[in-house]
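J.: Take this structure, written in C-alpha cells, and hold onto it; I'll ask about it next.
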Amino acid sequence: MEIRYVNETDDLGQISSIYEQSWRKTYRGMLPSRYLKKIPEGNWTERINHFGSRSMVMVSGGEYIGTVSFGECRMEQYSGWGEIYSLYLLPQYTGKGLGKRLMDRALSEMKEKGFTNILLFALEQNLTARKFYENYGFTLSGDMMKKKFGHKNVTQVMYTIKI
Numbered sequence: 003m004e005i006r007y008v009n010e011t012d013d014l015g016q017i018s019s020i021y022e023q024s025w026r027k028t029y030r031g032m033l034p035s036r037y038l039k040k041i042p043e044g045n046w047t048e049r050i051n052h053f054g055s056r057s058m059v060m061v062s063g064g065e066y067i068g069t070v071s072f073g074e075c076r077m078e079q080y081s082g083w084g085e086i087y088s089l090y091l092l093p094q095y096t097g098k099g100l101g102k103r104l105m106d107r108a109l110s111e112m113k114e115k116g117f118t119n120i121l122l123f124a125l126e127q128n129l130t131a132r133k134f135y136e137n138y139g140f141t142l143s144g145d146m147m148k149k150k151f152g153h154k155n156v157t158q159v160m161y162t163i164k165i
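15 is the number that my numbering gives to position 13 of the sequence shown; each next residue is one higher, with no gaps.
Dropping the structure here:
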C-alpha cells in the first residue's frame, strides 16, 4: 500500500472514478438520485490538482483505491488555515482504517507546509463521515454553508482541528 502525490504518469480518469463511485454510494439518499446518476465519467479529472491544491492517491497492487486533496483554505475569513477539500475511497475499501491513513498523511503534509489549523466540510446528513471526523479529533465548529446539488439544497457543516 502506497500513499503518494499524484504525478504526470497517473491515470486521472481512474482517480476521478474513485470520486464518482464514492459519491454514488455515499450520497445515495442525501443528494438527488438523478443528480448522482448524471455525474459524467471523468468529472473530477480537471480538478484533481486544481488551484494549488495537492492531491494524493492510495495505491494497492497497482489499483487506485483512495484519494485526498488539500491545500490552503478557500475561504477568505480563514486565511492561513489549511483545508481538506476531499477524502474518498472506493466503496469496497471503506471501514478498513484506510481513510485514517489518508488523513494522517494529508495532515502530516500540511503540518510540514506550516499549517496548524485545518478545516473541512461534510454534508450534514453524512453521519458516517461526520463520525469518522469526530473520532479522528475534528470538532464541529458551528459554521455551515448551503450548497445546491441538482434541485436540492443541502447543508454542509464545518469541522476543525489544530495540529
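Glycine included, every Cβ here is placed at the ideal spot set by N, Cα and C.
No experiment lies behind these values; they were computed from the predicted model shown.
Could you please give the first and the last residue of the uninterrupted alpha helix (DSSP H) stretch that includes L129?
T.: Working through the sequence shown from its first residue, we reach residue 129 at position 127. Taken as a continuous stretch (DSSP letters only), the alpha helix (DSSP H) holding L129 covers L129 to Y138.
J.: Whose C-alpha, out of K164, Q158, E126 and M60, is nearest the C-alpha of N9?
T.: Here the question's residue 9 lines up with position 7 in the sequence shown. Measuring from the Cα of N9, the nearest candidate turns out to be M60.
J.: I need the DSSP call for M77, collapsed to helix, strand or coil.
T.: As a first step, residue 77 must be located in the sequence shown, where it is residue number 75. It is coil, neither helix nor strand.
J.: What span of residues does the beta strand (DSSP E) with E85 cover, start to end?
T.: Taking the sequence shown and counting its residues from 1, one reaches residue 85 at position 83. Counting along the chain, E85 sits inside the beta strand (DSSP E) bounded by residues G84 to L91.
J.: Just confirm the distance between the C-beta atoms of Y90 and G68, as a whole number of angstroms; I'd bet it's less than 8 angstroms.
T.: As a first step, residue 90 is located in the sequence shown; it is residue number 88 there, counting from the start. As a first step, residue 68 is located in the sequence shown; it is residue number 66 there, counting from the start. The beta-carbon separation of Y90 and G68, rounded to 7 angstroms, stays under the 8 angstroms limit for a contact.
J.: Does T130 pass the burial test, meaning 16 or more other C-beta atoms within 10 Å, or should it be called exposed?
T.: Indexing the sequence shown from 1 puts residue 130 at position 128. Burial call: exposed.
J.: Could you compute how far the alpha carbon of R56 sits from the alpha carbon of S71?
T.: As a position in the sequence shown, residue 56 is number 54, starting the count at 1. As a position in the sequence shown, residue 71 is number 69, starting the count at 1. Those two C-alpha atoms are separated by around 5 angstroms.
J.: Taking a contact to mean a Cβ-Cβ separation below 9 angstroms, would you say I5 touches L104 in this structure?
T.: Residue numbering aside, residue 5 sits at position 3 when the sequence shown is read from its first letter. Residue numbering aside, residue 104 sits at position 102 when the sequence shown is read from its first letter. Going by C-beta atoms, I5 is nearer than 9 angstroms to L104.
J.: What does the alpha-carbon distance come out to for the pair F134 and Q94?
T.: In the sequence shown, residue 134 corresponds to position 132, counting from 1. In the sequence shown, residue 94 corresponds to position 92, counting from 1. When rounded, the distance between both Cα atoms is 17 angstroms.
J.: Verify whether the separation of the beta carbon atoms of R30 and L38 is less than 9 angstroms.
T.: Within the sequence shown, the letter at position 28 stands for residue 30. Within the sequence shown, the letter at position 36 stands for residue 38. In this structure, R30 lies near L38, with their beta-carbon atoms less than 9 angstroms apart.
J.: If you drop the 5 nearest sequence neighbours on each side, which residues of the same chain put their C-beta closer than 7 angstroms to that of G101?
T.: Taking the first residue of the sequence shown as position 1, residue 101 is located at position 99. Within the same chain, G101 has close Cβ partners L89, L91 and F134.
J.: Could you tell me how far apart the beta carbons of R36 and G152 are, in whole angstroms, since I believe they sit closer than 8 angstroms?
T.: Counting from one through the sequence shown, the residue named residue 36 turns up at place 34. Counting from one through the sequence shown, the residue named residue 152 turns up at place 150. So it is a contact: roughly 6 angstroms between Cβ atoms.
J.: Mind checking who M60 pairs with in its DSSP beta bridge?
T.: As a working mapping, residue 60 is identified with position 58 in the sequence shown. In DSSP, M60 forms a bridge with I5 and G68.
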